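K.L.:
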Amino acid sequence: MLSLCPGNPYGAYTRSFGKAVALLAQKAHSGLYNRVHHISGDDVGFLDEIIEWYRSSGGICSFQVVPLLSSPSLLWQLAKHGFYQSGFYNVLYGLPAIQQASFPQLTIRSVEPEEKETFVDIYFNSFGLPKTAAYGYVHESMSRLIDVSSNNCFFALVDKKPVAIAILSLYQQVGYLALAATLPSFRAYGCHQALLQARITRAISQECELIVGQAGVATGSQRNMERSGLRLAYTKTDWTIYNALADPDKNTTSFNR
870 MLSLCPGNPY GAYTRSFGKA VALLAQKAHS GLYNRVHHIS GDDVGFLDEI
920 IEWYRSSGGI CSFQVVPLLS SPSLLWQLAK HGFYQSGFYN VLYGLPAIQQ
970 ASFPQLTIRS VEPEEKETFV DIYFNSFGLP KTAAYGYVHE SMSRLIDVSS
1020 NNCFFALVDK KPVAIAILSL YQQVGYLALA ATLPSFRAYG CHQALLQARI
1070 TRAISQECEL IVGQAGVATG SQRNMERSGL RLAYTKTDWT IYNALADPDK
1120 NTTSFNR
């Protein structure tokens, strides 16, 4: 999304190295925007080139490793280059079927283009994110999600007030549960589950053949996805460059959903 900003002020680029796809945002000093995806055991020979590309561009470098593509040599080389396993995400999948629960206290509707600020505010307030140096590029990235034609953005409302958000991204008959966030004081209302149902229903209406999503390990998000019929596909890992002075618990730009 950052590369769509006029003039590319964040220095956002993508580059392929073998099967791996590297995302770089020079002005966004977060692994969320500077990450290598789909790297495989066949791409070990590109590691030095990948790391040098990030270094010479002034960006940080992190890797997301999928079990099916991994190899002992890849993991060993990541460790050798100073990276450590810093996090986990579960990837879930399911057929587009819906098991409806009732949430009479909630209204679910689409986000209108003029409601971008409300959408972004809910995102920041849901995760308790301070308006630090990261605020500008995250705000810009989140705002542009609403403009993407393949994205279906939703609000959950309580007493006509938006209190939760979610996105369904559509691509070639696959519906991706891209994002969900609920304001802390409304997390007992069933917003996440209701938004899951709304997105799955929309995916069915768009003739999707598969639903996929990701969630933190053993989180409420994972449990809600499983209640909606999704099943665990695999657990992927994040690899981050080791820094003895950096406390990962104080990293406010790593947005686990």
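Just so you know, we're using our numbering here: the sequence shown kicks off at 870 and counts up by one.
Cβ atoms here follow ideal geometry from the backbone N, Cα and C, with glycine treated the same way.
Since we're looking at a predicted model, the values are computed, not measured.
Which of helix, strand or coil does DSSP assign to Ile929?
P.N.:
Note: Ile929 maps to coil in three-state DSSP.
K.L.:
Give me, in chain order, the residues of the same chain whose beta-carbon lies closer than 7 Å to that of Leu947; leave out the 5 immediate sequence neighbours on both sides.
P.N.:
Cβ neighbours of Leu947 beyond the five flanking positions: Phe932 and Trp1108.
K.L.:
Can you tell me which of the three DSSP states Phe957 falls into?
P.N.:
Looking at Phe957 - three-state DSSP - the assignment turns out to be strand.
K.L.:
Give me, in chain order, the residues of the same chain whose beta-carbon lies closer than 6 Å to that of Asn1020; leave out the 5 immediate sequence neighbours on both sides.
P.N.:
Around Asn1020: Leu1014, Ile1036 and Ser1038.
K.L.:
Could you pull the DSSP bridge partners for Gln1091 from this structure?
P.N.:
Paired residue(s): none; Gln1091 is not in a bridge.
K.L.:
Using DSSP with H/G/I as helix, E/B as strand and the rest coil, what is Ser1010?
P.N.:
In this structure, Ser1010 counts as helix in the three-state DSSP scheme.
K.L.:
If you follow the alpha helix (DSSP H) that Ser1074 is part of, which residue opens it and which one closes it?
P.N.:
Cys1060 to Ser1074 is the span of the alpha helix (DSSP H), which, as asked, contains Ser1074.
K.L.:
Is the Cβ-Cβ distance between Tyr1111 and Gly951 less than 7 Å?
P.N.:
Result yes, Cβ atoms of Tyr1111 and Gly951 sit closer than 7 Å.
K.L.:
Between which two residues does the beta strand (DSSP E) containing Asn1020 stretch?
P.N.:
Run containing Asn1020: Asn1020 to Val1027, per the beta strand (DSSP E) assignment.
K.L.:
Return the CA-CA distance between Thr1088 and Thr1106, expressed in angstroms with no decimal places.
P.N.:
Their Cα atoms are separated by approximately 16 Å.
K.L.:
How far does the alpha helix (DSSP H) with Asn1030 in it extend, from its first residue to its last?
P.N.:
It is worth fixing the name first, because residue 1030 is Lys in this sequence and not Asn. It is not in any alpha helix (DSSP H) - Lys1030 instead sits in the beta strand (DSSP E) that spans Lys1030 to Tyr1040.
K.L.:
Taking Val890 as part of the beta strand (DSSP E), name the residues at either end of that continuous run.
P.N.:
Val890 -> beta strand (DSSP E) spans Ala889 to Ala894.
K.L.:
Indicate the three-state DSSP secondary structure (helix, strand or coil) for Phe886 in the structure shown.
P.N.:
Strand, per DSSP.
K.L.:
Hey, which unbroken runs of the alpha helix (DSSP H) at 4 residues or more fall wholly within the stretch 901 to 953?
P.N.:
Fully enclosed alpha helix (DSSP H) runs of 4 or longer: 916 to 926 and 941 to 949.
K.L.:
DSSP state of Arg1096, grouped into three classes?
P.N.:
Correct three-state label for Arg1096: helix.
K.L.:
With DSSP as the reference, label Thr1001 as helix, strand or coil.
P.N.:
Coil.
K.L.:
Between which two residues does the beta strand (DSSP E) containing Ile991 stretch?
P.N.:
First-last for Ile991: Lys985 to Phe996, but that is the alpha helix (DSSP H), not the beta strand (DSSP E).
K.L.:
Could you tell me if Phe1023 is buried or exposed, where buried requires 16 or more neighbouring beta carbons within 10 angstroms of its beta carbon?
P.N.:
So Phe1023 ends up on the buried side.
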